[in-house]
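Participant: Structure in structure tokens, see below.
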Amino acid sequence: MTGLRILPDLFKEARLAMLANWGRSMLSMIGIAVGIAAVMTVDTVSTGGKTFVMQELETFGLKSVWVYRTQSSKDPHKRMRTGTGITNNDLIALEGDCCPSVNLISPIVKPRGSPPIVQAGNRYSNAEVVGVNAAFLTINNDQLRIGRGLRDTEIRNRRPVAIIGETVASDLFPGISNPLGHPFRISGREYQVVGVLRSKSRDLLASIGSAGGDVNNRILVSYPLVQALNGNNDVSYIQAEATTVEAAEAAAAQIKGVLSRRYQGVFEYQSSTLASYIRTTDSILGGVTIIGIIAASSALIVGAIGVGGIMSTAVAERTREIGIRAAIGAHRSHIMIQFIVESVLICLIGGLAGLAVGMLIGVVLDFFTGFPLFPGILGISIALFVSILVGLVAGYLPARRAAQMKPVDALRDS
Numbered sequence: 002m003t004g005l006r007i008l009p010d011l012f013k014e015a016r017l018a019m020l021a022n023w024g025r026s027m028l029s030m031i032g033i034a035v036g037i038a039a040v041m042t043v044d045t046v047s048t049g050g051k052t053f054v055m056q057e058l059e060t061f062g063l064k065s066v067w068v069y070r071t072q073s074s075k076d077p078h079k080r081m082r083t084g085t086g087i088t089n090n091d092l093i094a095l096e097g098d099c100c101p102s103v104n105l106i107s108p109i110v111k112p113r114g115s116p117p118i119v120q121a122g123n124r125y126s127n128a129e130v131v132g133v134n135a136a137f138l139t140i141n142n143d144q145l146r147i148g149r150g151l152r153d154t155e156i157r158n159r160r161p162v163a164i165i166g167e168t169v170a171s172d173l174f175p176g177i178s179n180p181l182g183h184p185f186r187i188s189g190r191e192y193q194v195v196g197v198l199r200s201k202s203r204d205l206l207a208s209i210g211s212a213g214g215d216v217n218n219r220i221l222v223s224y225p226l227v228q229a230l231n232g233n234n235d236v237s238y239i240q241a242e243a244t245t246v247e248a249a250e251a252a253a254a255q256i257k258g259v260l261s262r263r264y265q266g267v268f269e270y271q272s273s274t275l276a277s278y279i280r281t282t283d284s285i286l287g288g289v290t291i292i293g294i295i296a297a298s299s300a301l302i303v304g305a306i307g308v309g310g311i312m313s314t315a316v317a318e319r320t321r322e323i324g325i326r327a328a329i330g331a332h333r334s335h336i337m338i339q340f341i342v343e344s345v346l347i348c349l350i351g352g353l354a355g356l357a358v359g360m361l362i363g364v365v366l367d368f369f370t371g372f373p374l375f376p377g378i379l380g381i382s383i384a385l386f387v388s389i390l391v392g393l394v395a396g397y398l399p400a401r402r403a404a405q406m407k408p409v410d411a412l413r414d415s
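The numbers in the numbering used here rise by one with no breaks, and the one at position 120 of the sequence shown is 121.
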């Protein structure tokens, strides 16, 4: 028998050899399993962590761009340069064809001075009041649990309607699952609830101080109404949606360019994009993964050395068998393949066990942390490939030595 036809017989012989020395084979498998489990745990934490971070970043809108005026305390002309550097007229200019990388744009207007008083009857809320336009929900990746968004006509006519977050709804309207149509007041003016935002989670970002407050404790109203509270037509900053994630930096540059030209350099503008945060996340988690895998691979190397040693012992113990096979005409390559298959089988079984342990560790971590820690398809594929590769490398030298034995010497030394 030649080629692939002998593989079933080789696997059968490898299985019998493993069963004959099951204790030794088990120790070899454990060594490989520990190494693969360590590598899989690192990959699981990295992949799951990246997924979780991306899910939280998505709550800002992955294509979001923020543009705002820079106000330096060292600016000698600071008193001359009053205001936010962005007004309603600038919004009209930006909504033209001057920014091809911008898909949608919304002004963000926040109350100046003390936070406005928000109340419904005798209940109060410390919610953040934000003036926006109809495009904001799409830009910020906000979803509505019930109700609808703001309409352009309501914004133009300054109608006192509002979209509230889940925290606001529970503070102002406890026990009411559907507060649509219910009135409440902002700085004494009555507003009507037209929508309730679906709850968002930024627990991880909040734990490192980057969430910017409770995302569910917001009230979205027409931006001209907040400008009326402030007594001017200034826009705090601009939040826009780029055409693609990759175009975010270009969109920010285009917006800043329009504003700088309109004010002839009187104001300086800065921008932020989620694209930069995504790159930073990839870089940090990628570096941590590489370092972790290198550290975890030390256990795998120890396991490979153990497999190599055990295969060398197996060759020494089966010298007579090797001699008989060679004497009756077995080709050297068949003898070599037989021991390599045995080594690969040990490592593959150990790798599968390590893979199962690594996934179990991910499930346990998910249970205690609440993070979605599951290995990626690439990580699983690499783990299986590495198991086979370790078996080939660990078994090569012992198998080569077995194949090079002369029948006479092998039978004499047995």
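Note that the Cβ used here is the ideal one computed from N, Cα and C, for glycine as well.
For the beta strand (DSSP E) containing I187, list its first residue and its last residue.
Facilitator: If you number the sequence shown from 1, residue 187 lands on position 186. 184-187 is the span of the beta strand (DSSP E), which, as asked, contains I187.
Participant: Any idea which residues DSSP pairs L198 with across the strands?
Facilitator: Mapped onto the sequence shown, residue 198 falls at position 197. Answer is L145, bridged to L198.
Participant: Check whether the stretch 109-124 touches the stretch 179-196, counting contact only when three or more Cβ pairs, one atom from each stretch, lie closer than 8 Å.
Facilitator: yes
Participant: Using a Cβ-Cβ cutoff of less than 6 Å, which residues in the same chain neighbour A403 once the five nearest sequence positions on both sides are dropped?
Facilitator: Translated into the one-based positions of the sequence shown, residue 403 becomes position 402. If we look at A403 and ignore the five residues flanking it on each side, its Cβ neighbours are V316, I323, I336, F340.
Participant: Out of R25, A276, G148, E269, point me to the one whose CA is closest to V66's CA.
Facilitator: Within the sequence shown, residue 66 is the residue found at index 65, counting from 1. The residue with the shortest Cα to Cα distance from V66 is A276.
Participant: Does the stretch 226-239 come within contact of the stretch 169-177, defined as at least 3 CB pairs closer than 8 Å?
Facilitator: No: the two stretches stay apart, fewer than three of their Cβ pairs being nearer than 8 Å.
Participant: What would DSSP say about V216, mapped onto helix, strand or coil?
Facilitator: Stepping through the sequence shown from its first residue, residue 216 is reached at position 215. Coil at V216, not helix or strand.
Participant: Report back the beta-carbon spacing between S128 and R219 to the nearest angstrom; my notes put them in contact at under 8 Å.
Facilitator: Taking the sequence shown and counting its residues from 1, the one referred to as residue 128 is at position 127. Taking the sequence shown and counting its residues from 1, the one referred to as residue 219 is at position 218. Sequence inspection shows Ala at residue 128; the Ser mentioned does not correspond to that position. Sure, about 6 Å apart at Cβ, within 8 Å.
Participant: Give the DSSP-derived three-state secondary structure of R70 in the structure shown.
Facilitator: Here residue 70 corresponds to residue number 69 of the sequence shown, with the count starting at 1. Three-state result, R70: strand.
Participant: With three or more beta-carbon pairs closer than 8 Å as the criterion, would you say the stretch 269-289 touches the stretch 297-313?
Facilitator: no
Participant: For V133, name the three-state secondary structure that DSSP assigns.
Facilitator: In the sequence shown, counting from the first residue as 1, residue 133 sits at position 132. Here V133 sits in strand by DSSP.
Participant: Closest to V246 by C-alpha separation, out of G351, E59, F368, would be which residue?
Facilitator: The sequence position of residue 246 within the sequence shown is 245, counting from 1. The option with the nearest alpha carbon to V246 is E59.
Participant: Report all residues from its chain with a CB closer than 6 Å to the CB of S107; omit the five preceding and five following residues, and keep chain order.
Facilitator: Along the sequence shown, one-based indexing puts residue 107 at 106. These residues qualify, in order along the chain: V133, N134, A136, F137, I140, Q240.
Participant: Checking 8 Å against the spacing of the C-beta atoms, do T282 and V43 come in under that value?
Facilitator: Counting from one through the sequence shown, the residue named residue 282 turns up at place 281. Counting from one through the sequence shown, the residue named residue 43 turns up at place 42. No, the pair does not count as a contact, with Cβ atoms beyond the cut-off.
Participant: For G163 versus V110, is the C-beta spacing smaller than 8 Å?
Facilitator: Numbered from 1 along the sequence shown, position 162 holds the residue referred to as residue 163. Numbered from 1 along the sequence shown, position 109 holds the residue referred to as residue 110. The identity of residue 163 in the sequence shown is Ala, whereas the question assumes Gly. The answer is no: Cβ separation not under 8 Å.
Participant: Do L286 and S47 have their beta-carbon atoms positioned less than 8 Å apart in this structure?
Facilitator: One-based indexing of the sequence shown puts residue 47 at position 46. One-based indexing of the sequence shown puts residue 286 at position 285. The Cβ-Cβ distance between S47 and L286 falls below 8 Å.
Participant: Just to confirm, are G309 and L390 a CB contact at a threshold of 8 Å?
Facilitator: Stepping through the sequence shown from its first residue, residue 309 is reached at position 308. Stepping through the sequence shown from its first residue, residue 390 is reached at position 389. No.
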